[in-house]
Amino acid sequence: MKDAMFIVDKSKKYIIYGAGGDGIKMAGILKDAGVFVWGYIDARAESIGKVKGFSVYTLQKASEEITDKNKFIIIVTIKNLFEHSQIVRRLVEEGFDQCIYKPVETLRGVGNIVQNEIGKVYDELIIRKRLLAGKMLGKSGKGLNLVCRNKLIIETRDESVLVWLPEELIYNYNDFQDAYGRISMSAFFPLVELYQLFMGQYKSEEEVNGVIDNFICYSMEWVKKNGIEYNEGLKLSLIRSRYNVFVEMQRMMETDRDFFVRNAPTVCRGNNGAFYMSSSGRNRVAFLIAHGYHFVPVNMSMKDYQSWINEKIYQGIIMYLEKKEIDILEIPIPHPYLADVSARYTEYIHVFCTKVINIVLKQLYKKNRKYDGSICFIDKGGYKKSLEKEQIGCALLDAGCMRRYLAMNGFSASSVEGSNVESFTDMEKMLDILLEEGNTEEQTDKEYTMLIMDSRIGHRLKPDVFREAAQIFLINWREEEDYLQNCLELGFTICEKLFLTVWDCRQVEGYWLKR
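Reminder that position 310 of the sequence shown reads as 309 in numbering that gives the first Met the number 0, one-by-one numbering, no gaps.
See below:
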C-alpha cells in the first residue's frame, strides 16, 4: 500500500507540465511555497527553450535526464482539463507516477476516492494557490479504467423511462402510408424550417418562399386525404395555425422550459436502431430542433431502453476502449452511457451529417412532387424508387456514423473500398452491432450515385469510384489535406459551401459539389 502512495513533500523536486500562462503562474506559486522547481515539460520545448530562467524539456528528454523519478512530482497545468488524464498516462509510461492533475473522472462525476483527492489538491494549487504539503496521494497507474455514467436518463418509472434522446435517433411516425413517415426529425424540413423562419433565421425572399412552399406541400397531404378544397385562404390559415402553435411554444420556452419535459412524446424503437414517434408531439420535437437542441426529451418503454443500452455489446466496447487506451472518441456516440465519453468533434452530426441528409431528402421530395389540380402531393411510390436508386458511398473517419444515419433514413449506404482505417474498422463493427444498424464491410465494384467523403482519405480512393457519382459532400481539411481541387478537376462544381469552422485547432470546411 505504501508503494502505491506518495507524499506532497517540499523536499522533492517539482516539474511543471505545460509552459504556458498557467504553467508560469504555477512556477510562482511553487516558488512562494519554498519548493524547488526543476523546469518545464512541454511538447514545444525546442521552440520555447527557456521560460523565466527555467529550462523547457520534451517528455522524452526529461525522462532521459532524470534517473531517480521517485524524487520528482509533476504538476499538469494544461488548460484543457479533459486532456490531463491522457497526459498522465504518457508520464507514467516514462516512469513519472507522482502527479498532481485534474482526473477526467472527477470532472465527469465518476471519480473514485484516490482520483477525487488528487483533484482536490490540484484545485488548492490552481484556485487557492496553496500547496498542501504533507498530503498523501495515490500514485498514477498504467492503463485506462473507463467509467461511464448514464447522462441521458431523466426519470425511471415502473415500465418506462424519460430520457434525453439524441436528435439523430428520433424519427417521424413509422408509417409507410405517410409521405413524410420514417424520416429523421432533424431533417423534417417542412416543420423545422418553418419554425426557423418564424425565429427570423432566413434573410432572402427566395429562402422564405422555399420554406413556405415546402410547408404547404407537406400540409396538402392532409388536405388531399380529407378531401378539403384548397385555396389561398386555406394556405394562410395553415400558416397562421402553425404560427399560433409556435408563439405558445416560444412562450413556454422562455417561461416554463420544463413544459417540454413534462409533455415529452412517446417513441418506439425500430429494428434499425431508430426511435419512431408513436404519440403526438411532432411540433414540439421540430420546435426544439429548430432551437438547436441536440437532445430531445422522450418517453420510451423499459424494454426499448434496455435494447438501446445493449449491455453485453456496450461492455465489450468499454473493454476495447480500455485495451486501446482510448478515452476520447472522434464523434459522440448516441448511447446512454457512451454519450459520457469525450469526443473531439462534438458538432459533426449537426454541422455536417444533418445538413447532408436534409439536402438529399429535399431533392427526393421535390423530384417526386405531383399535382392534382391545385393540390400538390408526394408520389410515395416514386419517392421509394428514388430512395432505392441512390447508392451512397462513405469515405469518412467517423466510425460509421454518417453511414448509419443514412441507413436509418432508408438510404443504401456503404463504406467505399479502401477508405476504412484499421483503428476505425473495429469500432465501426462494434457500433453497428450496438446500434443495430449498418453494413461495415467495404463494397467493391459499386457504382455510387453519391459520395460523402473526408479529404484526409481522398487519395486512397480509386478513380472509378467517382465515375457514376452525380454529387459529392466533402469535409475538406484545408490546412492538412486539401481535396477540393481534386474534385473540381474531376468535373464537379461547388453548389454550396455548407460550413467553415475550426476542429482541433484546424480549419475545416464542408462543400456540396455537383456535376
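Heads up, the beta-carbon is just placed ideally off N, CA and C, and yes, glycines get one too.
As the structure is a computational prediction, the values presented were derived from the model and not from experiment.
What do you get for residue i, buried or exposed, if any count of 16 or more other CB atoms within 10 angstroms of its CB means buried?
{"i": "residue 185", "result": "buried"}
{"i": "residue 533", "result": "Nothing can be reported for residue 533: it is not among the residues displayed for the chain, which extend from 0 to 514."}
{"i": "residue 195", "result": "buried"}
{"i": "residue 3", "result": "exposed"}
{"i": "residue 272", "result": "buried"}
{"i": "residue 240", "result": "exposed"}
{"i": "residue 255", "result": "exposed"}
{"i": "residue 176", "result": "exposed"}
{"i": "residue 156", "result": "exposed"}
{"i": "residue 500", "result": "exposed"}
{"i": "residue 216", "result": "buried"}
{"i": "residue 1", "result": "Note that residue 1 has pLDDT 49, beneath the 50 cutoff, so the model's placement of it is unreliable and no number is given."}
{"i": "residue 35", "result": "exposed"}
{"i": "residue 373", "result": "exposed"}
DSSP beta-bridge partners for residue i?
{"i": "residue 492", "result": "513"}
{"i": "residue 55", "result": "39"}
{"i": "residue 453", "result": "474"}
{"i": "residue 137", "result": "4"}
{"i": "residue 163", "result": "296"}
{"i": "residue 499", "result": "508"}
{"i": "residue 424", "result": "Paired residue(s): none; residue 424 is not in a bridge."}
{"i": "residue 152", "result": "162"}
{"i": "residue 191", "result": "Residue 191 pairs with nothing; no bridge assigned."}
I need the DSSP call for residue i, collapsed to helix, strand or coil.
{"i": "residue 11", "result": "coil"}
{"i": "residue 505", "result": "strand"}
{"i": "residue 480", "result": "strand"}
{"i": "residue 472", "result": "strand"}
{"i": "residue 276", "result": "strand"}
{"i": "residue 448", "result": "coil"}
{"i": "residue 525", "result": "Lying outside 0 to 514, the shown extent of the chain, residue 525 is not represented and no answer is given."}
{"i": "residue 258", "result": "helix"}
{"i": "residue 130", "result": "coil"}
{"i": "residue 169", "result": "strand"}
{"i": "residue 215", "result": "helix"}
{"i": "residue 268", "result": "strand"}
{"i": "residue 304", "result": "helix"}
{"i": "residue 16", "result": "strand"}
{"i": "residue 183", "result": "strand"}
{"i": "residue 49", "result": "strand"}
{"i": "residue 232", "result": "helix"}
{"i": "residue 34", "result": "coil"}
{"i": "residue 239", "result": "helix"}
{"i": "residue 485", "result": "helix"}
{"i": "residue 458", "result": "helix"}
{"i": "residue 202", "result": "coil"}
{"i": "residue 467", "result": "coil"}
{"i": "residue 174", "result": "coil"}
Would a C-beta distance cut-off of 8 Å place residue i and residue j closer than the cut-off?
{"i": "residue 474", "j": "residue 486", "result": "no"}
{"i": "residue 312", "j": "residue 429", "result": "yes"}
{"i": "residue 404", "j": "residue 356", "result": "yes"}
{"i": "residue 96", "j": "residue 138", "result": "yes"}
{"i": "residue 296", "j": "residue 163", "result": "yes"}
{"i": "residue 293", "j": "residue 252", "result": "no"}
{"i": "residue 172", "j": "residue 276", "result": "yes"}
{"i": "residue 392", "j": "residue 445", "result": "yes"}
{"i": "residue 270", "j": "residue 283", "result": "no"}
{"i": "residue 76", "j": "residue 16", "result": "yes"}
{"i": "residue 29", "j": "residue 130", "result": "yes"}
{"i": "residue 191", "j": "residue 285", "result": "yes"}
{"i": "residue 281", "j": "residue 274", "result": "no"}
{"i": "residue 38", "j": "residue 62", "result": "no"}
Runs of beta strand (DSSP E) lying entirely within the stretch 319-405, each at least 3 residues, in chain order: 368-371, 374-377, 390-394
In chain order, each alpha helix (DSSP H) run of at least 4 residues that lies wholly inside the stretch 67-127: 83-92, 103-106, 112-125
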